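**Student:** Top to bottom, those sequences are chains A and F.
Counting from 1 along the first sequence, just add 1284 to a position and that's the residue number in our numbering.
Counting from 1 along the second sequence, just add 1284 to a position and that's the residue number in our numbering.
Cβ atoms here follow ideal geometry from the backbone N, Cα and C, with glycine treated the same way.
Since the structure is predicted, the reported quantities are computational estimates derived from the model, not experimental observations.
2 protein chains.
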Amino acid sequence: MIAAVGHFEQDTAVERIGPGRWRAGASAAWNIGENANGGYAVSPVLRAMAELAEHPDPLSVTAHFLRPLRPDGRDLEITAEVVRAGRSLTVMRASLAHDGADRIVVLGGFGDLTARTAPGVVGHVALAPPRLAPPEECVPRAELAQGVDLPILERVDVRIDPASAVSGERDDAVMAGWIRFADGEPPTARNLFLFADAFPPSVVPRLGAVGWVPTLEMTVHVRARPAPGWIAARFECDDLADGRMIESGSLWDATGRLVARSRQLGLVLGG
Amino acid sequence: MIAAVGHFEQDTAVERIGPGRWRAGASAAWNIGENANGGYAVSPVLRAMAELAEHPDPLSVTAHFLRPLRPDGRDLEITAEVVRAGRSLTVMRASLAHDGADRIVVLGGFGDLTARTAPGVVGHVALAPPRLAPPEECVPRAELAQGVDLPILERVDVRIDPASAVSGERDDAVMAGWIRFADGEPPTARNLFLFADAFPPSVVPRLGAVGWVPTLEMTVHVRARPAPGWIAARFECDDLADGRMIESGSLWDATGRLVARSRQLGLVLGG
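1. Rounded to the nearest angstrom, what separates Glu1469 (chain A) and Ser1451 (chain F) at their Cα positions?
2. Determine the closest residue to Arg1357 (chain F) out of F:Gly1404, F:Leu1350, F:Ala1308, F:Pro1471, with distance taken between C-alpha atoms.
3. Give the residues from the segment 1413-1442 of chain F that approach chain A closer than 8 angstroms (Cβ to any Cβ), ordered along the chain.
4. Could you work out which residues of chain A lie near His1408 (chain F), taking near to mean beta carbons separated by less than 9 angstroms?
5. Relative to the C-alpha of Glu1361 (chain F), which residue among F:Val1409, F:Asn1315, F:Arg1371, F:Gly1304 is closest?
6. Three or more C-beta pairs closer than 8 angstroms, one from the segment 1334-1343 of chain F and one from the segment 1460-1475 of chain F: is that the case here?
7. What does the alpha-carbon distance come out to for the pair Glu1453 (chain A) and Ala1493 (chain A)?
8. Can you check DSSP and say which residues form a bridge with Ala1544 (chain F)?
9. Please identify the residue among A:His1408, A:Ala1516, A:Leu1500 whose C-alpha is closest to the C-alpha of Arg1415 (chain A).
10. Run through chain F and tell me which residues come within less than 7 angstroms of Val1375 (chain A), C-beta to C-beta.
11. Any Cβ of chain F within less than 8 angstroms of the Cβ of Ile1530 (chain A)?
12. Excluding five sequence neighbours on each side, which residues of the same chain lie with their C-beta closer than 8 angstroms to the C-beta of Met1285 (chain A)?
13. Would you say Ala1482 (chain F) and Ile1436 (chain F) are within 8 angstroms of each other, going by their C-beta atoms?
14. By alpha-carbon positions, which one of A:Val1405, A:Leu1549, A:Arg1400 ends up nearest to Leu1524 (chain A)?
15. Just to make sure I have the definition right: I need the residues of chain B whose C-beta is within less than 7 angstroms of the C-beta of Ala1313 (chain F). Which are they?
16. If we count the other Cβ atoms within 10 Å of its Cβ and call it buried at 16 or more, is Val1552 (chain F) buried or exposed?
17. Would you kindly check if the distance between the Cβ of Gly1407 (chain A) and the Cβ of Val1497 (chain F) is under 8 angstroms?
18. Between Arg1368 (chain A) and Glu1335 (chain A), is the Cβ-Cβ spacing less than 8 angstroms?
19. In terms of residue numbering, what span does the beta strand (DSSP E) encompassing Arg1307 (chain F) cover?
20. Using 8 angstroms as the limit for Cβ to Cβ distance, is Asp1354 (chain F) near chain A?
21. In the DSSP assignment, find the unbroken beta strand (DSSP E) run with Gly1392 (chain A) in it and report its ends.
22. Which whole-angstrom value describes the C-beta separation of Thr1538 (chain F) and Trp1514 (chain F), a residue pair presumed to lie in contact below a C-beta threshold of 8 angstroms?
23. With DSSP collapsed to three states, give me the class of Asn1321 (chain F).
24. How far does the alpha helix (DSSP H) with Leu1491 (chain F) in it reach, from first residue to last?
25. Just to confirm before moving on: does the CB-CB distance between Arg1490 (chain F) and Asp1455 (chain F) stay below 8 angstroms?
26. Whole-angstrom Cβ separation of Pro1484 (chain F) and Met1459 (chain F), contact assumed at under 8 angstroms?
27. Considering only residues of the same chain and omitting the five flanking positions on each side of Thr1363 (chain F), which have a CB-CB separation below 7 angstroms?
28. If you run the structure through DSSP and keep just helix, strand and coil, what is Ile1316 (chain F)?
29. In chain order, what residues of the same chain lie with their CB nearer than 6 angstroms to the CB of Gly1546 (chain F), ignoring the 5 residues before and after it?
30. Check whether the Cβ atoms of Arg1354 (chain F) and Asn1321 (chain F) lie closer than 8 angstroms to each other.
31. Starting from Asp1295 (chain F), trace the alpha helix (DSSP H) both ways and give me its first and last residue.
32. In chain A, which residues lie less than 8 angstroms from Arg1518 (chain F) when you measure between Cβ atoms?
33. For Asp1359 (chain A), which residues in the same chain have their Cβ closer than 7 angstroms to its Cβ, ignoring the five residues on either side in sequence?
34. Determine which residues share a DSSP beta bridge with Phe1477 (chain A) and list them.
35. So the beta strand (DSSP E) His1348 (chain A) belongs to, where does it begin and stop?
36. Any beta carbon from chain F within less than 8 angstroms of Asp1445 (chain A)'s own beta carbon?
What follows is the structure, encoded as structure tokens:
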């Protein structure tokens, strides 16, 4: 059964309290341990930015994670301002604060994913979806050793492809699988940032348990509005040096269409 | 002969004129047609950010290009502010204006590329450099049809691998080759943004001449300080839909070390 208003929609709602200012609740239901998942924490900021923008879809969103966000019942404070409102793109700065300290700063451009850039545009290049075992043959994330409580797994259903559901056994560092909201809420362009940040670190299949991998910065490019159903996802770390890794991800909807790309700079602290 | 102060160093100099405010000259020597190359235009902003940061190296820099910058002898105005100064990372917002209008907005984190994130860090993953013809067997960019004057080629020596020096003849969209400063100035962490934005569009080998491909947003992750000598570079567009493309790039120094990753959202307008 599909809820009339899903948990994600409800738990990322924002209320405008002044020019360029919003407040939002912070639910602990999307936590990784005691901290909010980063993709969830960015999501109310995207809602505020969407209220400000002339355009509906986040085309390019960069978030720097300054400090963890620990939901404690007190409101989040969001600010957002338009840097430039163009014909096809609105560029905005935004920030999320809690308990008097900035937690996330965002720079992003919103546009319309249903519009072409020019009438005469030619050329199409599409990254093919990965070969994955079907969701029912994948490993639910909750069954993997995590080293931390994951309340978020009550909200998102994450299934790991058997080839990725290993620890320190592979030469490559690839994490692939499926994701959807547990309550049946269909995916939208604005929740793909969350879906791009809800899988185990891609270094685990190669390095084994590495503990918490904090994200310093993450950029998500939304490429199309997703169709209802499972989202297939593939993340790879092909670049790790001195404890700093680049992880690149791609997400496809149930029709096989590429719907988002992600890239993050994260810290592998070890142990 | 290596100049005592190279052209790049000189043409990206900034002068602090107040708290969080700098002015800079804008040289037309780095132009693509009548507009400044985007990577060059970002570079004085990185200089200002480096003056503000506790840390020397740009680890993650995202720039949104709002409007073209046309150097006309008048100063550029740069603003930068620290969002958070942490132990290992300084996160900053910045902007570049000219003729009364913002041209570029930047969000970036600076750190120290010579420091490890933690003493016990294990694991190393390195992307291998591409197989390229040696620079002397590559095609100087100036010899390729460009459809636009490229004064910048007096400043940077760009050599295109023969496999990429084609127009509309390939199934893949890959642009690879070599780059260095024409005056012998050695590469640094702060000029890799320029080097990541100085090659022809990667869609050309597949689609043929596509005209100007404006960059909406570009993120560069610097991974290591480069050794002197040629930089090898490889860019690929594996995702183009409705005229919006994602181009991902990697740069390696003369020792074969991966020194930067890039990703941009660009517009293929066609014709």
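**Tutor:** Put simply:
1. 45 angstroms
2. The identity of residue 1357 (chain F) in the sequence shown is Gly, whereas the question assumes Arg. Gly1357 (chain F) has its Cα closest to that of F:Ala1308, out of F:Gly1404, F:Leu1350, F:Ala1308, F:Pro1471.
3. none
4. Leu1524, Ala1525, Asp1526
5. F:Gly1304
6. yes
7. So the alpha carbons of these two residues sit roughly 11 angstroms apart.
8. F:Val1506, F:Leu1535
9. A:Ala1516
10. His1348, Leu1350, Val1389
11. Yes, contact with chain F.
12. The pLDDT assigned to Met1285 (chain A) is 49, lower than 50, so where the model puts this residue is not dependable, and the model offers no usable value.
13. Yes, they are a contact pair.
14. Of the residues A:Val1405, A:Leu1549, A:Arg1400, the one whose Cα lies closest to the Cα of Leu1524 (chain A) is A:Leu1549.
15. Chain labels in this structure do not include chain B; the protein chains are A and F.
16. Around the CB of Val1552 (chain F), 16 or more other CB atoms lie within 10 Å, so the residue is classed as buried.
17. At the C-beta level, Val1497 (chain F) and Gly1407 (chain A) stay beyond 8 angstroms of one another.
18. no
19. Taken as a continuous stretch (DSSP letters only), the beta strand (DSSP E) holding Arg1307 (chain F) covers 1305-1308.
20. Checking the displayed sequence, the identity of residue 1354 (chain F) turns out to be Arg instead of Asp. No, its Cβ sits nowhere closer than 8 angstroms to a Cβ of chain A.
21. 1385-1395
22. The displayed chain sequence assigns Ala, not Thr, to residue 1538 (chain F). Ala1538 (chain F) to Trp1514 (chain F), Cβ: 6 angstroms. Contact.
23. In the structure shown, Asn1321 (chain F) sits in coil (DSSP, three-state: anything other than H, G, I, E or B).
24. 1488-1491
25. A contact, by the Cβ cut-off of 8 angstroms.
26. 6 angstroms
27. Gly1304, Arg1305, Ala1378, Ser1379
28. Residue state, collapsed to three classes: strand.
29. The sequence as given places Ser at residue 1546 (chain F); Gly does not occur at that position. Same-chain partners within the cutoff: Ala1480, Val1504, Gly1533.
30. No; because the gap between Cβ atoms is not below 8 angstroms, this pair is not in contact.
31. 1291-1295
32. Going along chain A, no residue has its Cβ under 8 angstroms from Arg1518 (chain F), so there is no contact; the nearest lies around 13 angstroms.
33. Closer than 7 angstroms at the Cβ level, and outside the excluded window around Asp1359 (chain A), lie Arg1307, Ala1308, Gly1309.
34. None; Phe1477 (chain A) has no bridge partner.
35. 1341-1349
36. no
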